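J.:
2 protein chains.
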Amino acid sequence: MNSNIRVLGFDADDTLWDNEIFYKETEQEFCRILSPFMNTEEISRELFKIEVQNMELYGYGIKAFSLSLIETAIRISSSEIPASTISKIIELGKAMLRKPVNLINGIEDVLKILQGKYKLIIVTKGDLLDQERKLLKSGLSGYFHHIEIMSDKKEENYKSLLNHLDIEASQFIMVGNSLKSDILPVLGLGGYAIYVPSDTTWLYEQIENENIESEKFVKVKSIRDIIEILH
Amino acid sequence: MNSNIRVLGFDADDTLWDNEIFYKETEQEFCRILSPFMNTEEISRELFKIEVQNMELYGYGIKAFSLSLIETAIRISSSEIPASTISKIIELGKAMLRKPVNLINGIEDVLKILQGKYKLIIVTKGDLLDQERKLLKSGLSGYFHHIEIMSDKKEENYKSLLNHLDIEASQFIMVGNSLKSDILPVLGLGGYAIYVPSDTTWLYEQIENENIESEKFVKVKSIRDIIEILH
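Residue numbers (numbering that gives the first Met the number 0), protein chains in the order written: chain A, 0 to 230; chain B, 0 to 230.
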């Protein structure tokens with residue numbers, strides 16, 4: 000890759016540490032709790048619909064998810080759900096906020112090697128407090144210059160980031176597991192992107208056409224593979 | 000004040016635009032809805048207790064407030080509250096997120112005068128998306144270099160901010176309506192602070208001893224008064 004690269008941006012959720020798995024587990028438990036009212040598939044469909052409807056107002060993160068879970072539970076039960084069950088749903092959300100941080104296999108080795116060679120930053124969306132807390136729990140903060148928490152990861156958000164970092168797009172590589180949020184907007188601005196798919200990807204982050212033709216784009220199997228590319 | 004000042008930080012909520020009034024109005028409506036279960040004073044006390052309990056996990060902002068409202072409603076009704084009422088509470092939170100932005104009287108004149116003389120930034124806590132949305136709605140973004148949204152406003156958060164801005168505390172003035180969040184931590188680091196009290200202050204932001212003795216501290220009646228101090 001280009002030798003002018005100065006800044007490496009790492010997505011956080013499912014690139015540095017597990018995340019989507021906790022959402023999936025919580026959704027399963029939610030479907031179990033609501034099984035007297037509807038089957039799992041229909042509940043999941045309704046939840047996704049409500050999450051997307053609320054996205055503009057609530058944005059990303061666990062608090063937004065918790066509020067959408069409650070709204071979904073009321074909707075699919077036709078307001079028959081007892082308050083004690085809504086309490087349980089609130090607790091599901093709180094339990095997510097208290098989860099330990101499980102690092103992605105190999106990430107610390109990779110950061111050790113890259114440290115000092117590039118300015119490393121975290122570029123993430125979601126809830127401010129929750130992301131800061133996960134970074135603290137992860138023990139990885141020492142590797143990063145700083146953490147950028149954005150309300151969304153669209154081209155305009157990355158543009159502000161590059162201005163803020165005072166670099167050209169061609170001096171920036173983004174590493175992440177979402178084509179929609181980590182890869183396409185950065186390529187769109189003329190930056191570089193390395194795609195490290197994760198096992199589970201939220202429906203909202205999925206895109207139809209996964210074929211990307213660009214000399215500034217690489218897809219790898221594991222986070223460890225980025226070392227070879229950057230050397 | 001010191002002529003070395005380079006950066007002026009403005010708190011956002013209740014310094015640039017109204018905020019606490021919307022929380023108060025929502026709380027009043029919440030108490031009205033729950034009046035079959037408890038009187039207003041007791042509901043408010045219970046709500047505040049739950050908000051403080053949830054602070055570490057949820058942080059600040061309307062989504063955190065909405066979740067605490069729901070939890071309070073369930074608690075004080077001993078889980079007797081119907082789901083349809085919880086729907087209404089969710090809608091109260093959404094209505095807050097959709098509120099128009101009412102600027103504090105005089106703020107735009109003040110920013111016009113200070114613009115170009117200092118680097119102006121917004122320093123706020125709360126929800127990332129909501130604060131960005133309010134800034135956009137306010138029409139004030141053009142006056143500010145950028146917006147810093149923090150998970151909290153303690154000395155350590157301001158310390159990171161100063162590092163990030165690459166300035167000494169003595170080159171920074173913070174302007175805000177909360178002694179606890181805008182004034183004391185900045186004075187603690189050796190910075191300057193201008194206190195512009197607002198009509199309503201959230202109980203959580205109130206401190207016992209309001210007497211501050213510091214040559215780096217000024218209390219003014221209106222935001223317009225800061226012009227005279229800075230000239």
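Beta carbons: idealized from backbone N, C-alpha and C, even for Gly.
The structure displayed is predicted, hence computed values, not measured ones.
(1) Against E167 (chain A), what residues of chain B qualify as contacts under a CB-to-CB distance less than 7 Å, listed in chain order?
(2) Any residues in the stretch 41-73 of chain B with a beta carbon nearer than 7 Å to a beta carbon of chain A? Which ones, in chain order?
(3) For I88 (chain B), which residues from the same chain have a beta carbon less than 8 Å from its beta carbon, with the 5 sequence-adjacent residues on both sides left out?
(4) Is it buried or exposed for Q130 (chain A), if we count other Cβ within 10 angstroms and need 16 for buried?
(5) Just the chain A side, please: which residues come within less than 7 Å of I80 (chain B) by C-beta, in chain order?
(6) Thinking C-beta only, is Y194 (chain A) closer than 8 Å to K218 (chain A)?
(7) Return the CA-CA distance between M149 (chain B) and T123 (chain B), expressed in angstroms with no decimal places.
(8) Are I172 (chain B) and G190 (chain B) touching if we call contact CB-CB under 8 Å?
(9) For E56 (chain B) and S137 (chain B), which I take to be in contact (beta-carbon distance under 8 Å), what is that distance rounded to the nearest angstrom?
(10) Report the CB separation of H145 (chain B) from I166 (chain B) in whole angstroms; it is logged as a contact under 8 Å.
(11) Could you tell me which uninterrupted beta strand (DSSP E) segments, each at least 3 residues in length, are contained entirely in the stretch 115-181 of chain A, listed from first to last along the chain?
(12) To which residues of the same chain is Y22 (chain A) closer than 8 Å at the C-beta, ignoring the five residues directly before and after it?
(13) Quickly, what does DSSP pair I193 (chain A) with across the bridge? List them, please.
(14) Can you grab the Cα-Cα spacing for the pair L161 (chain A) / Q27 (chain B), in whole Å?
(15) Which residue marks the beginning of the alpha helix (DSSP H) containing V51 (chain B), and which one marks its end?
(16) Does I89 (chain B) have its Cβ less than 8 Å from a Cβ in chain A?
(17) So which residues of chain A does S150 (chain B) contact, with C-beta pairs closer than 7 Å?
(18) Quick check on DSSP: helix, strand or coil for F9 (chain B)?
(19) Please determine, among B:D12, B:E207, B:I211 and B:I112, the residue with the shortest C-alpha to C-alpha distance to L183 (chain B).
(20) So who's on the other strand from L102 (chain A), going by DSSP bridges?
(21) Alpha carbon to alpha carbon, how far is N156 (chain A) from L113 (chain B)? Give it in angstroms, no decimals.
(22) What does S180 (chain B) touch in chain A if you count any residue whose Cβ is under 8 Å from its own?
(23) Using a C-beta cutoff of 8 Å, does S86 (chain B) count as contacting chain A?
(24) Is the beta carbon of E204 (chain B) closer than 8 Å to that of S177 (chain B)?
(25) So with CB distances below 8 Å, who are the chain B contacts of S76 (chain A)?
(26) Do I75 (chain A) and E40 (chain A) come within 8 Å of each other at the CB atom, strictly closer than that value?
(27) In the structure shown, what three-state DSSP assignment does F29 (chain A) receive?
T.: Let me lay it out:
(1) None at all; the shortest Cβ gap to chain B is about 19 Å.
(2) L56, Y57, G58, K62, A63, S65, L66, I69, E70 and I73
(3) F29, I32, S65, L68, I69 and A72
(4) buried
(5) A82
(6) yes
(7) 6 Å
(8) yes
(9) In the sequence as presented, Glu is not what sits at residue 56 (chain B); that position holds Leu. Actually they do not touch by this definition, with Cβ atoms about 29 Å apart.
(10) About 14 Å; that fails the 8 Å criterion.
(11) 118-124, 145-149 and 171-175
(12) F64, M95 and W201
(13) A:V174 and A:V217
(14) 44 Å
(15) T39 to Y57
(16) yes
(17) L127, L128 and E131
(18) strand
(19) B:I211
(20) A:W16
(21) 27 Å
(22) In chain order: nothing, as chain A lies at least about 15 Å away.
(23) yes
(24) yes
(25) A82
(26) no
(27) helix
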